[in-house]
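Student: Structure provided below as C-alpha cells; questions to follow.
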Amino acid sequence: MTKLLYHAKRIFPEGDIMEIKIWKVPKSEDFPEGVKYSMVYIKVDEKGARRILGYDNERGKGHHRHYFDKEEGISFSSWNELVKTFQEDVKRLRRELYDKG
450 MTKLLYHAKR IFPEGDIMEI KIWKVPKSED FPEGVKYSMV YIKVDEKGAR RILGYDNERG
510 KGHHRHYFDK EEGISFSSWN ELVKTFQEDV KRLRRELYDK G
C-alpha cells in the first residue's frame, strides 16, 4: 500500500518551482527502505520550464541526483535528511543563478 508521507511545493518570485514528494511503499528490491521520493527544482524563464535539479529513486536506478544534464548516485540515510540535503542544494543553486553580487 502506497501512502503519501510528505508533499511540499513552492513557487519562487522568479517563477521557479520546487516540489518534494515522499511516499511510503512496500519494501522491495527497488525500494529497500520502503520509501519512494521525487524532489525537483524547475527553472522557469523565457525559454520555458526545465528541470535543473532533481533527486529520485526511480525503479532500477536507486538513489540518484540530476544536476543539469548530469546524473550521479547519492547516499540515503533517511528521507528527512535527504529533504534537508535537497533544500541546501536548492539554496546553493539559487545563489548561483540569482546572486549577481
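Taking this note's numbering, the leading residue of the sequence shown gets 450, the next gets one more, and so forth. Even glycine gets a Cβ: it sits at the ideal position worked out from N, Cα and C.
1. So is N506 buried or exposed if we call it buried at 16+ other beta carbons inside 10 Å?
2. Rounded to a whole number of angstroms, what is the C-alpha to C-alpha distance between E520 and H513?
3. Does K458 pass the burial test, meaning 16 or more other C-beta atoms within 10 Å, or should it be called exposed?
4. Count the other CB atoms within 10 Å of the CB of I460; is the residue buried (16 or more) or exposed (fewer)?
5. Would you be able to state if there are at least three C-beta pairs under 8 Å between the segment 477-485 and the segment 535-549?
Tutor: Straight from the coordinates:
1. For the purposes of this step, residue 506 is identified with residue 57 of the sequence shown, where counting begins at 1. N506 is buried by the Cβ-count criterion.
2. Here residue 520 refers to the residue found at position 71 of the sequence shown. Here residue 513 refers to the residue found at position 64 of the sequence shown. Near 7 Å, if we compare the C-alpha coordinates of H513 and E520.
3. If you number the sequence shown from 1, residue 458 lands on position 9. Exposed, because fewer than 16 other Cβ atoms sit within 10 Å of the Cβ of K458.
4. Stepping through the sequence shown from its first residue, residue 460 is reached at position 11. The residue in question, I460, is exposed, as its Cβ has fewer than 16 Cβ neighbours within 10 Å.
5. Here the segment 535-549 does not lie against the segment 477-485, with fewer than 3 beta-carbon pairs under 8 Å apart.
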